[in-house]
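Chains as they are written, first to last, in the numbering used here: chain A, 1 to 202; chain B, 203 to 738.
Glycine included, C-beta positions come from ideal geometry on N, C-alpha and C.
Structure, as structure tokens:
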Amino acid sequence: MFLAFAVFSWASVFAEDDLPVPAEELVFCTVCHGVQLMGNSIIKAPRLSGMETWYVERQLKNFKNVVRGRHAEDPFGYEMQPMAESLSDEQVAEAAVFANATRSPAPPATVIGDIEKGKAHYSACAACHGVDGTGNEALGSPDLTIPNDWYLVTQLMNFKSGARGSHPSDTYGMQMRASAQLLADDDAIMNVVAYINTLQNK
Amino acid sequence: MKNKLSRRHFLSLVGAAGGSSAVYNTSLALGLMQESGPVAQLDLKHIGRRKKKVAVLGAGIAGLTVAYELERAGYDVTVIEASHRIGGRNMTVRHGDIIDEMGYKQVCNFDDDPEMYFNCGPARIPGHHRRVLHYCKTLRVPLQIKANFSRPAYRHDPERFEGKPVTVARYTSDSRGFIAELLHKAADQNAFEKPLSTDDQERIREYARGFGDLNLQGRYKGSERGGRKSGGFVTPAKIHEPLDIQSLLDSDFWMGDGAFNSENADWGEPLMEIKGGNDGIIKAFVREIKSPIIVNAPVQSIELRDDGVDIAYNRKGKRKTISADFVFNSIPTHFMSGIPNNLPDDYRAGLAALTPGNFFKIGFQMKERFWEKEGIYGGITTTNQRINQIWYPSHGIHSQKGVVLGAYTFYDESEFFEKMTPDERLKYAADCGDKIHPEYSRNIEAGVSVPWGRISHMMGCGTSWGSGRSWEGGDEELREKYYKLLQQPAGGRHYMIGDQISYHSSWQEGAFGSAEVALLDLDSRVRAESGESRKG
Ligand SMILES: Cc1cc2nc3c(=O)[nH]c(=O)nc-3n(C[C@H](O)[C@H](O)[C@H](O)COP(=O)(O)OP(=O)(O)OC[C@H]3O[C@@H](n4cnc5c(N)ncnc54)[C@H](O)[C@@H]3O)c2cc1C
Numbered sequence: 001m002f003l004a005f006a007v008f009s010w011a012s013v014f015a016e017d018d019l020p021v022p023a024e025e026l027v028f029c030t031v032c033h034g035v036q037l038m039g040n041s042i043i044k045a046p047r048l049s050g051m052e053t054w055y056v057e058r059q060l061k062n063f064k065n066v067v068r069g070r071h072a073e074d075p076f077g078y079e080m081q082p083m084a085e086s087l088s089d090e091q092v093a094e095a096a097v098f099a100n101a102t103r104s105p106a107p108p109a110t111v112i113g114d115i116e117k118g119k120a121h122y123s124a125c126a127a128c129h130g131v132d133g134t135g136n137e138a139l140g141s142p143d144l145t146i147p148n149d150w151y152l153v154t155q156l157m158n159f160k161s162g163a164r165g166s167h168p169s170d171t172y173g174m175q176m177r178a179s180a181q182l183l184a185d186d187d188a189i190m191n192v193v194a195y196i197n198t199l200q201n202k
Numbered sequence: 203m204k205n206k207l208s209r210r211h212f213l214s215l216v217g218a219a220g221g222s223s224a225v226y227n228t229s230l231a232l233g234l235m236q237e238s239g240p241v242a243q244l245d246l247k248h249i250g251r252r253k254k255k256v257a258v259l260g261a262g263i264a265g266l267t268v269a270y271e272l273e274r275a276g277y278d279v280t281v282i283e284a285s286h287r288i289g290g291r292n293m294t295v296r297h298g299d300i301i302d303e304m305g306y307k308q309v310c311n312f313d314d315d316p317e318m319y320f321n322c323g324p325a326r327i328p329g330h331h332r333r334v335l336h337y338c339k340t341l342r343v344p345l346q347i348k349a350n351f352s353r354p355a356y357r358h359d360p361e362r363f364e365g366k367p368v369t370v371a372r373y374t375s376d377s378r379g380f381i382a383e384l385l386h387k388a389a390d391q392n393a394f395e396k397p398l399s400t401d402d403q404e405r406i407r408e409y410a411r412g413f414g415d416l417n418l419q420g421r422y423k424g425s426e427r428g429g430r431k432s433g434g435f436v437t438p439a440k441i442h443e444p445l446d447i448q449s450l451l452d453s454d455f456w457m458g459d460g461a462f463n464s465e466n467a468d469w470g471e472p473l474m475e476i477k478g479g480n481d482g483i484i485k486a487f488v489r490e491i492k493s494p495i496i497v498n499a500p501v502q503s504i505e506l507r508d509d510g511v512d513i514a515y516n517r518k519g520k521r522k523t524i525s526a527d528f529v530f531n532s533i534p535t536h537f538m539s540g541i542p543n544n545l546p547d548d549y550r551a552g553l554a555a556l557t558p559g560n561f562f563k564i565g566f567q568m569k570e571r572f573w574e575k576e577g578i579y580g581g582i583t584t585t586n587q588r589i590n591q592i593w594y595p596s597h598g599i600h601s602q603k604g605v606v607l608g609a610y611t612f613y614d615e616s617e618f619f620e621k622m623t624p625d626e627r628l629k630y631a632a633d634c635g636d637k638i639h640p641e642y643s644r645n646i647e648a649g650v651s652v653p654w655g656r657i658s659h660m661m662g663c664g665t666s667w668g669s670g671r672s673w674e675g676g677d678e679e680l681r682e683k684y685y686k687l688l689q690q691p692a693g694g695r696h697y698m699i700g701d702q703i704s705y706h707s708s709w710q711e712g713a714f715g716s717a718e719v720a721l722l723d724l725d726s727r728v729r730a731e732s733g734e735s736r737k738g
């Protein structure tokens with residue numbers, strides 16, 4: 001299903017010296033999410049480089065308020081959830097600005113699926129996430145070209161099963177949960193993610 | 203279910219730290235390695251004025267060893283450490299120390315007293331860990347004996363023996379009595395594949411009687427070895443009735459009987475510990491090493507070039523770079539997937555094939571040493587409650603207070619505790635303790651919990667190849683594929699070190715050993731440059 005080992009290729013972006021440096025209280029985010037929040041497939045913490053400020057902020061608040069990440073079938077959400085608990089509102093805002101400022105090369109494709117079939121599925125997603133997959137702030141739907149593909153797979157499975165998006169206060173998650181039901185099975189999920197891999201940035 | 207539980211506990215008890223010794227390396231291709239007897243002479247060539255620059259990533263045992271040795275051989279060394287502290291997993295906490303758990307930073311609230319310390323990482327040093335002991339001796343680090351096994355301590359299974367703890371002595375003695383009876387009977391009936399001579403039959407019966415303390419008829423009627431019920435000094439001794447065999451068999455310790463713990467290659471009595479806390483070795487390194495050790499400096503990238511290697515790191519809000527001739531990297535391999543680098547693809551795949559474990563410990567400061575009233579002076583109680591173990595301190599006997607280990611867990615149990623807040627963990631462990639010692643929780647004055655899987659810049663202890671438990675050795679195919687590759691310097695300049703690159707992950711000896719392999723390789727290369735070769 002996945003390529004055995006996802007490895008990043010060297011890219012000159014890491015050699016730039018104006019890369020943002022996290023404030024001391026946010027260094028620990030990079031312990032899991034990697035340098036420049038590039039993602040770490042072993043820890044299963046997704047890439048957040050350049051992620052929309054509003055979306056990061058919303059997710060951190062959801063984790064903090066236990067709207068996301070405490071479902072019994074969401075082990076990775078469970079890893080992240082306590083990390084947000086100790087953050088003040090200012091730190092949440094600061095973390096979102098930092099995430100948005102980070103830069104790293106596009107993550108490698110590790111998911112294998114039928115791109116053509118995925119493209120057909122994606123027509124149902126484009127209304128909210130945009131034809132190019134870069135999201136729509138007005139609708140609250142995030143850029144799908146930023147996180148790692150393996151993370152998109154777990155999220156779609158989680159939305160489908162209700163491990164994410166079933167908390168009564170998770171308004172946006174519930175919308176996405178409904179949309180995830182359009183993907184009939186695991187194959188459909190792999191296919192649509194394989195297609196997302198072909199969209200811009202990737 | 204029952205059997206599964208037993209097996210899990212067996213593994214956690216027998217395995218604990220570093221049972222991967224079961225797969226002791228017989229094929230170390232490195233002809234120079236001497237794995238027993240006196241430690242190999244490093245005898246590094248002093249490079250004099252042709253100074254070479256070395257960057258050491260991570261200030262744990264492996265990194266500090268490299269820094270210490272290379273500095274003495276004339277290299278220009280810089281150590282770069284992500285954490286606020288030096289020592290890595292070798293961590294002893296005392297009053298006021300920070301436990302840098304991500305999400306739940308804790309401060310150690312023990313009394314401000316040098317005797318009140320807790321070894322959150324390494325606690326035991328066996329006599330055959332030659333490298334650890336070599337450095338303790340060279341750096342004048344004082345050691346003392348640490349009791350690991352204790353007969354007056356307990357085995358405790360809430361579902362057997364009315365949930366009451368049974369002393370190790372009694373448990374062991376009765377188990378052995380039972381097995382010895384079976385052996386004696388087999389010898390009586392000569393029930394072996396190849397019948398024995400009468401003489402040999404008697405020899406086996408005699409061994410069985412000695413092993414189980416049986417009477418002349420080969421029956422076990424209880425034994426003084428199990429501890430006396432009463433008397434024995436000025437009144438006649440009374441011994442305990444043997445425990446119910448079925449309950450013994452049913453109990454979870456049947457397989458994992460603590461009696462075998464001290465037979466594990468790395469837990470053979472007597473064990474040692476460093477006086478005043480096991481971070482004594484770290485303090486000694488810090489005292490000796492003159493090169494800079496930069497803390498709060500997480501490495502940001504590693505770039506191999508033809509003529510050197512560039513390391514970027516963050517420090518005080520700024521990104522900095524240093525260039526070196528060689529880099530010795532002890533960063534936990536699971537972070538390397540999140541640190542940009544241009545190491546060769548197969549080398550990176552090898553790093554990604556190592557999976558971290560998640561050891562977990564709790565330490566309690568007790569206001570009174572109540573265990574001494576029960577005749578316990580050091581050693582370990584094992585229970586099949588989720589805390590697994592209780593350890594009693596070997597130092598400070600008969601002083602007022604002491605620090606007890608209140609839980610030591612692995613994998614599933616560690617996950618169970620990781621999901622709690624620090625306060626919840628302590629409360630849970632205190633309740634477990636009460637089932638064994640009635641005075642347990644009312645003596646607790648302070649406590650710390652250390653989930654290594656959640657400690658910043660560490661996130662684990664006990665790497666294995668692929669998935670699985672560190673002491674099960676991991677996936678041999680993966681090791682076969684990558685281990686030797688990772689022992690070689692990538693591009694002739696990047697050495698991966700740490701206990702993760704050894705057959706003893708989760709033992710300091712593995713960390714020292716990995717450093718030794720890398721240093722010897724570097725020395726051979728440096729000598730080759732000037733047309734020499736290493737002797738030995
Ligand atoms: C609970 C427990 C019990 C143990 N019991 C024993 C025992 O009884 N006996 C025994 O001998 N051993 C024991 N060990 C094992 C022992 O602690 C280790 O083998 C040893 O400390 C490992 O040293 P190391 O140098 O290989 O790695 P570490 O100590 O892990 O060093 C790695 C260093 O890299 C740093 N780092 C991480 N990321 C970065 C970055 N991005 N940039 C720069 N630096 C970074 C880390 O902060 C750390 O300091 C135990 C360990 C644990 C956790």
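Span separating the alpha-carbon of residue i from that of residue j
i: HIS330 of chain B; j: GLY712 of chain B; result: 12 Å
i: TYR122 of chain A; j: ILE703 of chain B; result: 44 Å
i: ALA224 of chain B; j: GLY662 of chain B; result: Because ALA224 of chain B carries a pLDDT of 29, less than 50, the predicted location of this residue cannot be relied on, and the following value inherits that uncertainty. C-alpha separation (whole angstroms): 21 Å.
i: ASP187 of chain A; j: ILE115 of chain A; result: 11 Å
i: LYS683 of chain B; j: ARG550 of chain B; result: 12 Å
i: GLU137 of chain A; j: ALA93 of chain A; result: 17 Å
9 Å Cβ cutoff, residue i in contact with chain A
i: GLN710 of chain B; result: no
i: ASN560 of chain B; result: no
i: ARG357 of chain B; result: no
i: HIS696 of chain B; result: no
i: THR583 of chain B; result: no
i: GLY540 of chain B; result: yes
i: THR557 of chain B; result: yes
i: ALA554 of chain B; result: yes
i: PRO500 of chain B; result: yes
i: SER651 of chain B; result: no
i: SER503 of chain B; result: yes
Check: residue i C-beta below 8 Å from any heavy atom of ligand 1
i: CYS663 of chain B; result: yes
i: PHE709 of chain B; result: Position check: residue 709 of chain B holds Trp in this sequence, whereas Phe was assumed. True, at least one ligand heavy atom lies under 8 Å from that Cβ.
i: LEU288 of chain B; result: Looking at the sequence shown, residue 288 of chain B is not Leu but Ile. Result yes, Cβ under 8 Å from ligand 1.
i: SER716 of chain B; result: yes
i: MET660 of chain B; result: yes
i: GLU283 of chain B; result: yes
i: CYS29 of chain A; result: no
i: HIS297 of chain B; result: no
i: LEU341 of chain B; result: no
i: ASN292 of chain B; result: yes
i: ASP701 of chain B; result: yes
Closer than 9 Å to chain B by CB, residue i
i: VAL21 of chain A; result: yes
i: ALA180 of chain A; result: no
i: SER206 of chain A; result: Summary: the structure shown does not reach residue 206 of chain A, with chain A confined to residues 1 through 202, and so no result is reported for it.
i: HIS167 of chain A; result: no
i: ASP69 of chain A; result: Going by the sequence as given, residue 69 of chain A is Gly instead of Asp. Chain B contact via Cβ: absent.
i: HIS129 of chain A; result: no
i: ASN40 of chain A; result: yes
i: GLU24 of chain A; result: yes
Paired residues, beta bridge with residue i - DSSP
i: ASN739 of chain B; result: Examination of residue 739 of chain B is not possible in this model, given that chain B is present from 203 through 738 alone.
i: THR267 of chain B; result: None, per the DSSP bridge assignment.
i: THR557 of chain B; result: B:SER666
(message) Can you pull out the residues from the region 272–306 of chain B whose beta carbon lies closer than 9 Å to at least one beta carbon of chain A?
(response) Residues ALA284, ASP302, MET304, GLY305, TYR306.
(request) Output, in sequence order along the chain, the residues in the region 658–672 of chain B whose CB is closer than 8 Å to any CB in chain A. (result) Taking 8 Å as the Cβ-Cβ cut-off against chain A, the residues of the region 658–672 of chain B that qualify are SER658, HIS659, MET661.
(request) With 7 Å as the C-beta to C-beta threshold (strictly closer), list the residues of the region 515–536 of chain B near chain A in chain order. (result) Those would be ASN516, GLY519, LYS520, ARG521, HIS536, in chain order.
(message) Against chain B, which members of the region 84–95 of chain A pass a CB distance test of less than 7 Å?
(response) Residues of the region 84–95 of chain A whose Cβ lies closer than 7 Å to any Cβ of chain B, in chain order: GLU85, SER86.
(message) By the 9 Å beta-carbon criterion, what residues does the region 621–641 of chain B contribute toward chain A?
(response) So the close ones are LYS621, THR623.
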